[in-house]
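Peer 1: Start counting the sequence shown at 0; every next residue gets the next number (numbering that gives the first Met the number 0).
Ideal placement from N, C-alpha and C gives every residue a C-beta, glycine not left out.
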Amino acid sequence: MKMGFVSDSLGGISFTDMLDHAQRVGVSGVEVNTCGWSTAPHFDLQGMLGNMAAQAAYQKEFSDRNLEIISLNANGNPLHPTDPTQGQGLRDTIRVAGEMGIKTVCTMSGLPAGSANDTMPNWIISSWPPETQDILRYQWNEKLFPFWTEIVALAQENGVEKIALEMHGNQCVYNVPSLLKLREAVGPIVGANLDPSHLFWMGADPLIAAQALGHAIYHVHAKDTMLNAPVQATTSLLENGSLMDVPARSWSYITLGFGHSEEWWRQFCYRLKMANYDGWLSIEHEDVLLNSLEGLEKSVTLLQGVMPDRPADYRPQDI
């Protein structure tokens with residue numbers, strides 16, 4: 000496995016400073032945010048599109064520091080019913096990735112409205128009242144399947160081999176069954192970006208999810224979640240309070256090791272190996288109480304202690 004981080008983890012500093020810190024802390028690459036819910040401070044998507052000179056100069060900044068571009072990340076809602084720029088951002092990200100020889104694009108599945116007459120995304124998380132099923136049929140059959148059939152074709156045309164979907168709340172693909180459902184319908188270019196932080200607050204087990212996904216794991220975000228039991232006891236984990244008010248929330252994104260122990264992360268890495276995943280662990284710092292650079296450094300230190308980074312070579316002796 001190899002370690003890197005999401006560029007927005009250090010979104011408040013310049014591109015060159017971000018890369019200098021990546022080199023200093025000892026990671027091997029950076030996952031670059033391009034659009035969507037990110038202002039993409041380290042990547043000019045439209046300026047890069049079709050601009051081979053700009054692409055070469057950008058990649059040279061990485062190679063000069065012995066770093067890799069892990070993937071491009073278009074982390075928006077590409078099926079937003081009233082904001083077509085988010086879907087276009089994904090398409091442009093795939094085109095730029097193809098031009099730059101980057102084989103993996105990370106994104107979200109998208110969340111459409113609940114019907115052709117709606118204007119707001121609608122996330123269905125229960126099976127009742129009965130109209131929820133009508134909404135799901137509309138979202139999947141009329142929006143999700145056609146859109147992702149188009150996107151898979153675009154990826155193939157541009158040489159992008161893997162689209163890693165983050166199983167995220169407020170998206171149609173948010174757990175293992177929904178990821179596998181879409182993958183079965185549109186083909187194996189679509190796989191999972193396994194981020195345990197989201198599964199924690201939705202009540203799933205990332206260790207078992209890794210086993211269930213197996214070869215469908217295309218990318219991993221290393222991000223932790225603290226479950227705030229005293230608050231959870233009265234509010235549940237269905238939380239819509241401010242992300243900045245950690246004491247009042249039933250769960251919060253947090254620096255690696257502050258929500259789940261080093262032992263848990265050791266088990267997670269081993270479960271990934273059991274699922275035949277030997278790719279990137281990309282740290283995503285979203286802890287509002289810790290300094291971003293401090294949180295990144297602590298996360299790197301934890302992963303360095305638990306992440307397998309050399310090929311297995313043990314074999315029983317022939318006796």
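Rounded C-beta distance between M107 and E30? I'm assuming under 8 angstroms.
Peer 2: M107 to E30, Cβ: 14 angstroms. No contact.
Peer 1: Keeping to the same chain, check which residues put their C-beta closer than 7 angstroms to that of V175; ignore five residues upstream and five downstream.
Peer 2: A208, A211 and L212
Peer 1: Kindly indicate the opening and closing residues of the alpha helix (DSSP H) around D16.
Peer 2: F14 to V24
Peer 1: Which same chain residues, not among the five before or five after I134, have their C-beta less than 8 angstroms away from its C-beta?
Peer 2: G113, S114, N121 and I123, listed in sequence order.
Peer 1: Excluding the five sequence neighbours on either side, which residues of its own chain have a C-beta within less than 7 angstroms of the C-beta of R248, listed in chain order?
Peer 2: N227, V230, E238 and G240
Peer 1: How would you write the range of the beta strand (DSSP E) that H220 sits in, first residue to last?
Peer 2: I216 to A221
Peer 1: Across which residues does DSSP place C105 in a beta bridge pair?
Peer 2: N72 and A163
Peer 1: Hey, L89 and P77 are a contact pair by Cβ (cut 8 angstroms); roughly how many whole angstroms apart?
Peer 2: 4 angstroms
Peer 1: Along the chain, which unbroken stretches of the beta strand (DSSP E) at least 3 residues long are found entirely within the stretch 111-192?
Peer 2: 161-165
Peer 1: With C-beta atoms as the reference, is W147 less than 8 angstroms away from V189?
Peer 2: yes
Peer 1: Assuming the contact rule is C-beta atoms closer than 8 angstroms, H197 and H218 should be a hit. Round their C-beta distance to whole Å, please.
Peer 2: H197 to H218, Cβ: 14 angstroms. No contact.
Peer 1: Are the CB atoms of S251 and M273 within a distance shorter than 8 angstroms?
Peer 2: no
Peer 1: Measuring CB to CB, does Q85 end up less than 8 angstroms from G10?
Peer 2: no
Peer 1: When we look at the beta-carbon of E130 and count the other beta-carbons within 10 Å, is it buried (16 or more) or exposed?
Peer 2: exposed
Peer 1: By DSSP's criteria, W250 is part of a beta bridge. Which residues make up the other side?
Peer 2: In the DSSP assignment, the residues bridged to W250 are L226.
Peer 1: Taking the continuous beta strand (DSSP E) assigned at S196, which residues delimit it?
Peer 2: Segment P195 to M201 is the alpha helix (DSSP H) holding S196; no beta strand (DSSP E) there.
Peer 1: Find out if the Cβ-Cβ distance for the pair E60, T15 is shorter than 8 angstroms.
Peer 2: yes
Peer 1: Comparing C-alpha positions only, which one of I318, E98 and I253 sits nearest to E160?
Peer 2: E98
Peer 1: Helix, strand or coil for S291 per DSSP?
Peer 2: helix
Peer 1: Does the Cβ of Y313 have 16 or more other Cβ atoms within 10 Å, making it buried, or fewer, making it exposed?
Peer 2: exposed
Peer 1: In or out: Q170 buried (at least 16 other Cβ within 10 Å) or exposed?
Peer 2: buried
Peer 1: Considering only DSSP beta bridges, list what F4 is partnered with.
Peer 2: V29 and I282
Peer 1: Measuring CA to CA, which of G75, P307 and S126 is closest to D277?
Peer 2: P307
Peer 1: Considering P40, what are the terminal residues of the alpha helix (DSSP H) in which it resides?
Peer 2: Element bounds for P40: n/a, residue is neither H nor E.
Peer 1: Starting from F267, trace the alpha helix (DSSP H) in both directions and tell me its first and last residue.
Peer 2: Annotation: the continuous alpha helix (DSSP H) that includes F267 extends over E261 to M273.
Peer 1: Starting from the Cα of D19, find the closest Cα among T33, N50 and N65 and give me that residue.
Peer 2: N65
Peer 1: Within 10 angstroms of its Cβ, does H284 collect 16 or more other Cβ (buried), or is it exposed?
Peer 2: Result: buried.
Peer 1: Starting from the Cα of D82, find the closest Cα among G25, T118, Y57 and C268 and give me that residue.
Peer 2: The residue with the shortest Cα to Cα distance from D82 is T118.
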